[in-house]
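Participant: Heads up: the protein sequence lines correspond to chains W and P, in order. Residues in the first sequence are numbered consecutively from 11, following my numbering. Residues in the second sequence are numbered consecutively from -1, following my numbering. A virtual CB, placed ideally from N, CA and C, is assigned to each residue, including glycine. First the structure, then my questions, so here it is.
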Amino acid sequence: MEGFAALLDALVYTRSRNEKLRLIAEYLRTTPDPDRGWALGALTDGLDFKAVKSSTIRALLKERVDPVLWSLSRDFVGDTAETASLLWPEPIGDAMPPPTVSEAVEALAGMTRVTVMSELPALLDRLDPAGRYALFKLATGGMRIGVSSRLAKLAFAQAFAVPVDEVEEYWHALEPPYAELFAWAADGAAPPDTANMPLFRPFMLAHPLEDTQVDLADYAAEWKWDGIRVQLVHVAGETRLYSRSGDDIGASFPEMVSALEIPALLDGELLVRGAHQGGEAGGAASFNALQQRLGRKTVSKTMLTESPAFVRLYDVLMLDGEDLRDLPWTQRRARLEALMPRLPESHFDLSQLVEARDFDHLAQIREGARDDAIEGLMLKRRDSLYVAGRKTGLWYKWKRDPLLVDCVLMYAQRGSGKRSSFYSDYTFGCWDGDPDAGADLLPVGKAYSGFTDAELKKLDKLVRQTTLNRFGPVREVERTLVFEVAFDSVHTSKRHKSGLAMRFPRIHRIRWDKPVHEADRIETLRTLIRD
Amino acid sequence: MAAPFSWIRPEPHGIHITPADVWIDPSRAVDRALVTHGHADHARGGHGQTYATPATLAIMELRYNTREGATPVEYGETVRLRGGVDATYFPAGHVLGSAQILLEHAGERVVITGDYKRRADPTCPPFEVVPCDVFITEATFGLPVFTHPPIEDEMARLLMRLEAHPAACVLVGAYALGKAQRVIAELRAAGHTQPIYLHGAMEKMCRLYEDFGVDLGELRLVSDYDKDAMRGHIVVCPPSALNDRWSRRLPDPITAMASGWMRVRQRARQRNVELPLVISDHADWHELTRTIEEVDPYETWITHGREEALLRWHQLHQRRARALALVGYEDEDD
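What follows is the structure in structure tokens.
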């Protein structure tokens, strides 16, 4: 447990991504099975112990610490696990040596709501504050230490010099403590057999096109729809719906889980019915409409009838027990088109290819795409196999040109990592009326990209020189600078005072020359809303 | 006969000793002030007469450029003030020159601690328990989550990190008066004989400590050396310089901070600290409560900090206590 506790502490205080990778990899290499597997499980998806919840910790502490002192401490520290680890009374007399991670996991797994009140204290008494913190984090799942599941898997791949794609491929077939995964990666055992399991497979992703031009003889074009990319898999009588990150989101979209009844692994865009995307009939609603259905554990009948979901298919990865990922895109596409009649029309349609005479013609078509609230175009190399992740030259996303608006810098915050001493996160606003008639600025968005290092230095200096107020790490600055802000779309939002929320805002140009009263007004931004 | 302790009055700007017309650590200029120690929230400039230890007076002179009205009081020395008030200074163990002040009047004894700690500190004499009727204490770390670990452990972690990164430097943020010198002296005690690099703002205070006999070993100014010279070395700066542009001149600094607040992970993360060192010049929860038990006063008055929790402790232990609403004392970067 000491090693795991030390790892957590090191990760909490490390800002550099590479250093985090190194720390985790080092731990995974040097820690024996099954401890390292449990730790990997805790860092990725989190372990689940039914008997230990945050409320259990509070209840235990209130038996040992005055409730008033507990509350005052909890308020100050801001984290239940950490407060509890600090307030736990040191045991009197010789303590047993600290448990190993697997000892702790075994003990936690065996606890019930009743026995937890005596068994968890016995474990805690064997640990120091850092160990107790680690045990609480392990027991209650959520780590919240700035390590994503992906980062932990990358670290695993790095630790044993195996491809991360393969780690992803097997990952979802296995469970903590991942004995087979370590046996494969560390000891060269055969990889797990995953063919007949309804697993998530890593997505093939695209690079932005930027200034590249492609020959349409080599590349096929299709629309990039504004929903969420999903994978729907049916095998051995089981169906799963996975999001980009591999989360099973079937519970939020039960109609999709029951819609696929043939053994297949499909890649497509999850959308809800509406008129925004792809025409009136059979079209899809805006992203905002889809968002209403995301993250729900249960779905009401009304939602199912008013905003039914469907998947617009891009690709087929497996079909009738055959893995198609090693076929070129043209062949997969043909298989997908042939598959369509076997799928219910109510729940599936095909993402149509965009036919153009040449690249210029395609550019023209793309320009017209704005009205359909489509994100842009995808360009797929006709001979590309389906490979996980982003491989240069195979797939490109060619988003429509961003919308632009002139905003005024209002607040700045220091960045992290290599930008830690620079004010690099900017909040900007638009005028809520006529600035010359006394209208004020309302914040409309926040951006931390789109400028060069040299510009960053200049911006940092400006922030320091024009600070009006400090609120913790945030500085309010004099309104002197206009940003031309680029964004993909804008939506109504109750969370912001301006009533607006931008998607993917970034600094497009810094308008050192432009007077702030010439920046745009909220009403201009409002006319761009497409909900 | 007057009501007990009516001669000592907590006012918003300090504690007033009415018969003598003197103030303890007033937050604005007064005619006569008794000053416990040199930190800016206790020792302000401009008083007509200032009673303090020689070291505290030297610190104030360094800060305010004047010795006017300076009246030195040694530890153990009693000063007879007007109105039959006697003031005796005792070590508080907080920083160089820090004192508790025992006030005696009409058979009543009141101790004002200023800031204090109970741990050993090579830069100042240790806190003495002075029996009294009213004990006026601080409560900066007055929450049971605060337990300062042994400083040797923190020094060992610092030196281990330094050793593991010979091409980088460890930049330690430490309060310029007291903490910085204590960290340096403890590094020396731990056998670290390498030169230690200083931010310019720390130089004079370190020299002052040396003048008072605290050996800090070889100190160098960051501004006198180039980047590469500092690789594998410790650099000490005020906490405010940690994330400042100033630190860009250092070779891949690992950011450390020496402060009692580092006990709490989020506090450390908020300050972008990579190596939190839990080192404080204030009493932690256990030192506070132990001190109150040892002094065993009739009543405790709490000046500043987390007074709610310390009041609760008094209630739980059936002791008398009250919180004074004083202004101007800060949660310094300690």
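Pull the bridge partners of Lys468(W) from the DSSP assignment, please.
Facilitator: For Lys468(W), which the question treats as bridged, DSSP gives no partner whatsoever.
Participant: Roughly how many angstroms separate the alpha carbons of Ala449(W) and Ile182(P), rounded to a whole number?
Facilitator: Taking the straight line from one Cα to the other gives about 55 Å.
Participant: Figure out for me which residue from Ile194(P), Val109(P), Phe139(P) has the closest Cα to the Cα of Ala335(P).
Facilitator: Any question about residue 335(P) goes unanswered here, given that chain P covers just -1 to 332.
Participant: Might you give, ordered along the chain, the residues of its own chain that have their beta carbon closer than 7 Å to the beta carbon of Pro445(W), omitting 5 neighbours on each side?
Facilitator: Cβ neighbours of Pro445(W) beyond the five flanking positions: His527.
Participant: Out of curiosity, what's the CA-to-CA distance linking Gln301(W) and Pro515(W)?
Facilitator: Their backbone Cα atoms lie some 18 Å apart in a straight line.
Participant: I'd like the list of long-range same chain contacts for Thr502(W), defined as Cβ closer than 8 Å, with 5 residues on each side in sequence excluded.
Facilitator: Excluding sequence neighbours, Thr502(W) sits near Asn298, Gly509, Leu510, Ala511, Ile539, Asp541.
Participant: Under a Cβ-count criterion, where at least 16 other Cβ atoms within 10 Å of its own Cβ denotes burial, should Gly378(W) be classed as buried or exposed?
Facilitator: So Gly378(W) ends up on the exposed side.
Participant: Would a check of beta-carbon distances place Gly88(W) closer than 7 Å to chain P?
Facilitator: It does; some Cβ of chain P falls within 7 Å.
Participant: Given this structure, state the Cα-to-Cα distance separating Trp233(W) from His371(W), to the nearest angstrom.
Facilitator: Answer to the nearest angstrom: the Cα atoms are 15 Å apart.
Participant: Consider the Cβ of Ala291(W): report whether some Cβ of chain P lies at a distance smaller than 7 Å.
Facilitator: Residue confidence is low: Ala291(W) scores 49 on pLDDT, short of 50, so the model does not pin down where it sits. Its coordinate-derived value is still stated next. Judged by the 7 Å Cβ criterion, Ala291(W) is not in contact with chain P.
Participant: Mapping DSSP to helix, strand and coil, what is Asp336(W)?
Facilitator: Correct three-state label for Asp336(W): coil.
Participant: Could you check whether the region 6 to 15 of chain P touches the region 140 to 155 of chain P, counting it as contact only if at least three pairs of C-beta atoms, one from each stretch, sit closer than 8 Å?
Facilitator: Counting Cβ pairs under 8 Å, fewer than three are found: no touch.
Participant: Residues of the region 91 to 104 of chain W with a CB closer than 7 Å to any CB of chain P: list them in chain order, please.
Facilitator: Correct list: Glu92, Thr93, Leu96, Leu97.
Participant: Going by DSSP, which residues form a beta bridge with Asp258(W)?
Facilitator: Per DSSP, Tyr252(W).
Participant: Against chain P, which members of the region 73 to 87 of chain W pass a CB distance test of less than 8 Å?
Facilitator: Here the close residues are Val75, Asp76, Val78, Leu79, Leu82, Ser83, Phe86, Val87.
Participant: For the putative contact between Ala90(P) and Leu101(P), defined by C-beta atoms under 8 Å, what is the C-beta separation to the nearest angstrom?
Facilitator: Wrong, their Cβ atoms sit about 15 Å apart, outside the cutoff.
Participant: Who are Leu242(W)'s beta bridge partners in DSSP?
Facilitator: Leu242(W) pairs with Leu251(W), Leu276(W).
Participant: Identify each residue in the region 22 to 54 of chain W for which the Cβ-Cβ distance to at least one residue of chain P is less than 8 Å, and report them in chain order.
Facilitator: Answer in chain order: Val22, Tyr23, Thr24, Arg25.
Participant: For Ile272(W), is the classification buried or exposed, using 16 other Cβ atoms within 10 angstroms of its Cβ as the cut-off for buried?
Facilitator: Ile272(W) comes out exposed.
Participant: Which residue's Cα is closest to the Cα of Thr477(W): Thr490(W), Lys467(W), Glu279(W)?
Facilitator: The residue with the shortest Cα to Cα distance from Thr477(W) is Thr490(W).
Participant: Note down, in chain order, each residue of its chain lying with its Cβ closer than 8 Å to the Cβ of Gly439(W), except the 5 sequence neighbours on either side.
Facilitator: Once the five neighbours on either side are set aside, the close Cβ partners of Gly439(W) are Cys417, Val418, Met420, Leu451, Leu452, Pro453, Val454, Ser508.
Participant: For Leu314(P), return the contacting residues in chain W, with the cut-off set at a CB-CB distance below 7 Å.
Facilitator: Simply Asp76.
Participant: For Pro142(P) and chain W, any beta-carbon pair shorter than 7 Å?
Facilitator: It does: the Cβ of Pro142(P) has a partner Cβ on chain W nearer than 7 Å.
Participant: Please identify, using Cβ separations under 9 Å, the residues of the region 126 to 149 of chain W that lie next to chain P, in order along the chain.
Facilitator: Listed by position along the chain: Pro139, Tyr143.
Participant: Per DSSP, which residues does Lys1(W) bridge with? Please list them.
Facilitator: Outside the displayed range of chain W (11 to 541) lies residue 1(W), so it cannot be described from this structure.
Participant: Just the Cα atoms here: how many angstroms apart are Leu276(W) and Tyr396(W)?
Facilitator: Rounded to whole angstroms, Leu276(W) to Tyr396(W) spans 12 Å at the Cα level.
Participant: When you compare the CB positions of Val347(P) and Asp279(P), do they come within less than 7 Å of one another, or not?
Facilitator: No answer is possible for residue 347(P): it lies beyond the span of chain P, which begins at -1 and ends at 332.
Participant: Return helix, strand or coil for Thr477(W), following the three-state DSSP convention.
Facilitator: Residue state, collapsed to three classes: strand.
Participant: Can we say the region 111 to 121 of chain P touches the region 54 to 66 of chain P, given the rule of at least three CB pairs closer than 8 Å?
Facilitator: Too few Cβ pairs lie closer than 8 Å, so no.
Participant: Assuming Arg159(P) and Val168(P) form a contact by the criterion Cβ under 8 Å, report the distance between their Cβ atoms to the nearest whole angstrom.
Facilitator: Indeed they touch by this definition, with Cβ atoms about 6 Å apart.
Participant: Less than 7 Å between C-beta atoms, sequence neighbours within five positions excluded: which residues of the same chain meet that for Asp119(P)?
Facilitator: Same-chain partners within the cutoff: Gly91, Arg180.
Participant: The alpha helix (DSSP H) that contains Thr16(P), what's its start and end?
Facilitator: Note, Thr16(P): premise wrong, no alpha helix (DSSP H); not H, not E.
Participant: Would you mind reading off the limits of the beta strand (DSSP E) that contains Ala97(P)?
Facilitator: First-last of the beta strand (DSSP E) with Ala97(P): 97 to 103.
Participant: Mind checking whether Val109(P) and Pro17(P) have CB atoms under 7 Å apart?
Facilitator: Going by C-beta atoms, Val109(P) is not nearer than 7 Å to Pro17(P).
Participant: What are the boundary residues of the alpha helix (DSSP H) that Arg263(P) is part of?
Facilitator: 263 to 268 is the extent of the alpha helix (DSSP H) around Arg263(P).
Participant: Under the three-state reduction of DSSP, which class applies to Pro142(P): helix, strand or coil?
Facilitator: Note: Pro142(P) maps to coil in three-state DSSP.
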